[in-house]
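Just so you know, the sequences run in chain order W and L.
Under this note's numbering, the letters of the first sequence match residues 1 to 283, in that order.
Under this note's numbering, the letters of the second sequence match residues 1 to 382, in that order.
The beta carbon of each residue, even a glycine, is placed where N, CA and C say it ideally should be.
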Amino acid sequence: MDVLVQGALTSATIALVALGFSLVYGVGGIVNLAHGSFFMIGAYSAYAADQAGAPLLVAALVGVGSAMLSGVLLERLVIAPIRHQEVAVLIATLAVAILVQSVVQFFYGGLERQLPGFLDGSVSVLGVNLRQTELLAGVAALVTIVIVLLVLTKSPTGRMVRAVAEDEEASVLVGVRPERVTLYVLAVGAGLAGLAGVLVAPYGVLTPTMWLLPLTQAFAIVILGGLGSIQGTVLASVVIGFLDRFVAFNVKDGSIKIGLVTVAVILATLVIRPQGLLGKVAR
Amino acid sequence: MTTSEKATPESAAHAKPSSGAKLPRLLKPNVILLVLLPLFLLYLPRFVQNTTLLQAISVATIFVMFAASWDILSGYTGQVNFGHAAFIGTGAYTVALFSKYQPDVSNELALLAGIGVAAALGVAIGVPCLRLKGPYLALATLSVAGALVQLTFIYKEQLGGEDGIAGVKNVQDGAITGPLGEGLAKLVLGPLTFGGQNGFNQYIYVSYFVALVAMVLVVGGLMLLGYGKRGLVLRSIQQDELAAEAAGVPLTRYKLAAFVLSAACAGFAGGLYAQIRGTVALDLLGVDLSLLIIIIAAFGGAGSIIGPALGAYAVILLQNYYLDRASQVFIDHPELKLGSFALLLIVVLIVAPRGLVPPILQRLSGRGSPSRAAGAALTESS
Chain W
1 MDVLVQGALT SATIALVALG FSLVYGVGGI VNLAHGSFFM IGAYSAYAAD QAGAPLLVAA
61 LVGVGSAMLS GVLLERLVIA PIRHQEVAVL IATLAVAILV QSVVQFFYGG LERQLPGFLD
121 GSVSVLGVNL RQTELLAGVA ALVTIVIVLL VLTKSPTGRM VRAVAEDEEA SVLVGVRPER
181 VTLYVLAVGA GLAGLAGVLV APYGVLTPTM WLLPLTQAFA IVILGGLGSI QGTVLASVVI
241 GFLDRFVAFN VKDGSIKIGL VTVAVILATL VIRPQGLLGK VAR
Chain L
1 MTTSEKATPE SAAHAKPSSG AKLPRLLKPN VILLVLLPLF LLYLPRFVQN TTLLQAISVA
61 TIFVMFAASW DILSGYTGQV NFGHAAFIGT GAYTVALFSK YQPDVSNELA LLAGIGVAAA
121 LGVAIGVPCL RLKGPYLALA TLSVAGALVQ LTFIYKEQLG GEDGIAGVKN VQDGAITGPL
181 GEGLAKLVLG PLTFGGQNGF NQYIYVSYFV ALVAMVLVVG GLMLLGYGKR GLVLRSIQQD
241 ELAAEAAGVP LTRYKLAAFV LSAACAGFAG GLYAQIRGTV ALDLLGVDLS LLIIIIAAFG
301 GAGSIIGPAL GAYAVILLQN YYLDRASQVF IDHPELKLGS FALLLIVVLI VAPRGLVPPI
361 LQRLSGRGSP SRAAGAALTE SS
């Protein structure tokens, strides 16, 4: 039961990170290795704002806002000049991730930090005791995901995004500006990851290397779900989320083995079913 | 494709030794560098008594091997490896484990074992990665190295987790490396007295010379390979896999061979580094090291062997020596060094995607330098 409830919550926050990663890849063809850093920037900015005495809600907004701002800066300053050089983008974004890590380490050191909970007290869900702030994180993440999916499928903006993802050249012909769309999607994706960072900050721990696991998980999700498939991303988030908690609860020293299991999933998927669960065969 | 690479398809023709070269082959800057640089480094200790600097140079020499072994796979075939530290770390940890559990085994045998295990890992990673390209390969290699880091925590008792393993048998104790280092030291420094208050610190000099010899062997071998026919074939894989296959290149064999060779050289360098440092720790396995190698290669110019080699001296000497003397900040906050290099890498990627060394060498040698296609690994369009 623990695994079920906690797994569902973890799935929701992980999906929030993976959704942005997947959208940016689908739309811009950009694999952003600095995506995990948005998660970290969100968490640390909220922490900094809280330390400066801001109310928690404001701190949360600061977290999401600075993640979005970082997304815009990343796209404009780093990705845009080398956008069509796939490998250079990979290297540059990994360099950005390391740069952010060293800046965070410079200001906050390697110590683990934590944000106060958004809600105090605990609740019982299906017989499982949860801190209210954990439940809030799961619910908020879930609501956000539903909103994003609705925007993507129902609104004109979403149609534009999907058009670019499907065929960039054709989208230009019907009057969409792919560069613009890429920028927006990266900003929104960064914001989503930042939100996940803020939500997790009260019960996860903040360290300068906290970007790596979400990045690995997001990648595993995108591989498992199938590149460019939004439904696949959501489905795979659930798989990885439950796996995460299952390993954490049932394996000795589980919490440090999560990354290992995630890597195993990536490699197994690549060998057995490279197109992912819901991906198309032709790439 | 950017304009600078438009020239690359014809590089095949120009890379033949005779065609288009203005200088005799032996006088090409690459070859001159390969002879002069080691000679310079060999006699350097005679004039530089600063042992801290000499130690920094030894480390840089080791990093030259890290970067060159990365380059033969990633710079040449375009299979960009984001987890090269995995190979280095396997070599280093294997050597350390021998010291810990089988101290009777000789240094050289432990090194060989390190090479073997690293090469085996090269096969293990190489086979599933054969079909992967670009982002897939990047994240697969990145995450394998990350997984190895976690293994050291899971087998904390054996692998030491965060603390690593101390007490690795030293390079001085090697049956070959010890006398080799001492012999070269005597040759260069003349009759000398080790130990004592005014004597030379034997360990520093032995490490220095052994690293230098190993580097010349590894880099020389890789350059011979890279600038020869096989290097062309490897490059053709990067240019156009389908065309290469159509031209009769056994793709699978070449790619896998490049993987294994890269892994074996990295394992050797990693093992030797462990014997020089006397310890192994997570910095030999982590993402930071993998990225540092990519920084070095991109900075020097991937796909030219010599570029990353020179890049390693520049970056590592900055990191281990000059930055510490430039500002107290870097001593208090060592993490800022990697941060600055990351920043530098971003700038280099945008401003000079081919790196710094190949364009200079090309200008010096006129046309026909094999380094024409250098750097294409990082700028290959999708």
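Beta-carbon neighbours of residue i, restricted to chain W and to distances below 9 Å
i	result
Phe82(L)	Leu33, Leu90, Ile91 and Leu94
Ile294(L)	Ile91, Leu94 and Ala95
Leu385(L)	What is shown of chain L runs 1 to 382, which leaves residue 385(L) out entirely.
Which of helix, strand or coil DSSP assigns to residue i
i	result
Arg113(W)	strand
Thr207(W)	coil
Arg235(L)	helix
Asn320(L)	helix
Asn129(W)	strand
Val123(W)	strand
Leu267(W)	helix
Ala166(L)	strand
Val251(W)	coil
Val24(W)	helix
Val348(L)	helix
Lys22(L)	Residue placement at Lys22(L) cannot be trusted, given a pLDDT of 49 that sits under 50; what the coordinates show is reported in the next sentence. Looking at Lys22(L) - three-state DSSP - the assignment turns out to be coil, as it is neither helix nor strand.
Val48(L)	coil
Leu42(L)	helix
Val280(L)	strand
Gly174(L)	coil
Arg177(W)	coil
Under 8 Å by beta carbon: chain W residues contacting residue i
i	result
Pro353(L)	Ile82, Gln85 and Ala88
Ser106(L)	Under the 8 Å cutoff, chain W gives no residues; its nearest Cβ is about 34 Å from Ser106(L).
Pro128(L)	Leu267, Leu270 and Val271
Asp288(L)	Ile98
Leu291(L)	Leu94, Ala95 and Ile98
7 Å Cβ cutoff met for residue i and residue j
i	j	result
Ile41(W)	Ser66(W)	yes
Leu90(W)	Val31(W)	yes
Ala264(L)	Ala118(L)	yes
Tyr203(L)	Gln172(L)	yes
Val198(W)	Ala46(W)	yes
Leu222(L)	Ile62(L)	no
Ile346(L)	Ala264(W)	no
Gly117(W)	Pro202(W)	yes
Gly134(L)	Glu168(W)	no
Val128(W)	Val5(W)	yes
Gly53(W)	Ala190(W)	no
Length of the line joining the Cα atoms of residue i and residue j
i	j	result
Thr2(L)	Ile360(L)	With a pLDDT of 40 at Thr2(L), under the threshold of 50, the modelled position of this residue cannot be trusted; read the value that follows with caution. Taking the straight line from one Cα to the other gives about 19 Å.
Ile145(W)	Ile98(W)	28 Å
Phe98(L)	Gly220(L)	29 Å
Leu317(L)	Val151(W)	52 Å
Gln51(W)	Gln114(W)	11 Å
Ile154(L)	Ile258(W)	11 Å
Leu336(L)	Tyr321(L)	14 Å
Gln105(W)	Gly190(L)	47 Å
Leu142(L)	Phe82(L)	5 Å
Val31(L)	Leu37(L)	10 Å
Ser69(L)	Ala138(L)	17 Å
Arg289(W)	Leu195(W)	Residue 289(W) is absent from the structure shown; chain W starts at 1 and stops at 283.
Leu343(L)	Ala95(W)	7 Å
Leu130(L)	Leu187(L)	47 Å
Gln101(W)	Asp283(L)	15 Å
Tyr93(L)	Leu73(W)	40 Å
Partner residues on chain L for residue i, Cβ-Cβ distance less than 7 Å
i	result
Val17(W)	Within chain L, no residue comes near Val17(W); the closest Cβ sits about 15 Å away, beyond 7 Å.
Thr216(W)	Ser143 and Gly146
Phe219(W)	Leu139
Listed by chain order, chain W residues near residue i by CB distance under 7 Å
i	result
Glu335(L)	Ser102, Gln105 and Phe106
Val455(L)	With chain L running from 1 to 382 in the structure shown, residue 455(L) is simply not present.
Chain-ordered neighbours of residue i on chain L, where CB pairs are closer than 8 Å
i	result
Lys257(W)	Gln150 and Ile154
Leu212(W)	Gly146 and Val287
Beta-carbon neighbours of residue i, restricted to chain L and to distances below 9 Å
i	result
Val78(W)	Ile346, Leu349 and Ile350
Check your understanding: Are the segment 158 to 167 of chain L and the segment 278 to 287 of chain L touching, with three or more C-beta to C-beta distances below 8 Å?
Key -> These segments touch.
Point to revise | Cβ pair count under 8 Å reaching 3, the segment 26 to 41 of chain W against the segment 215 to 224 of chain W | key: The count of Cβ pairs closer than 8 Å, one atom from the segment 26 to 41 of chain W and one from the segment 215 to 224 of chain W, reaches three, so the stretches are in contact.
Check your understanding: Taking one C-beta from the segment 174 to 182 of chain L and one from the segment 141 to 149 of chain L each time, how about it: are there three or more such pairs within less than 8 Å?
Key -> As far as the Cβ criterion goes, the segment 174 to 182 of chain L does not touch the segment 141 to 149 of chain L, which means the pair count is below three.
Review point. Would you call the segment 305 to 323 of chain L and the segment 212 to 229 of chain L touching, i.e. three or more CB-CB distances under 8 Å?
Key: Taking a contact to require three or more Cβ pairs closer than 8 Å, the segment 305 to 323 of chain L and the segment 212 to 229 of chain L qualify as touching.
Practice item. Check whether the segment 148 to 165 of chain W touches the segment 237 to 247 of chain W, counting contact only when three or more Cβ pairs, one atom from each stretch, lie closer than 8 Å. Key: With fewer than three CB-CB distances shorter than 8 Å, the segment 148 to 165 of chain W does not count as touching the segment 237 to 247 of chain W.
Review point. Is the segment 108 to 125 of chain L close to the segment 281 to 294 of chain L, with three or more CB pairs under 8 Å?
Key: Not touching, per the Cβ criterion.
**Study point:** Meets three-Cβ-pair contact criterion under 8 Å: the segment 118 to 132 of chain L and the segment 77 to 85 of chain W
**Key:** Remark: fewer than three beta-carbon pairs, one from each stretch, lie closer than 8 Å, so the segment 118 to 132 of chain L and the segment 77 to 85 of chain W are not flagged as touching.
Check your understanding: Are three or more beta carbon pairs between the segment 239 to 248 of chain L and the segment 49 to 61 of chain L nearer than 8 Å?
Key -> With the cut-off at 8 Å, the segment 239 to 248 of chain L and the segment 49 to 61 of chain L do not touch.
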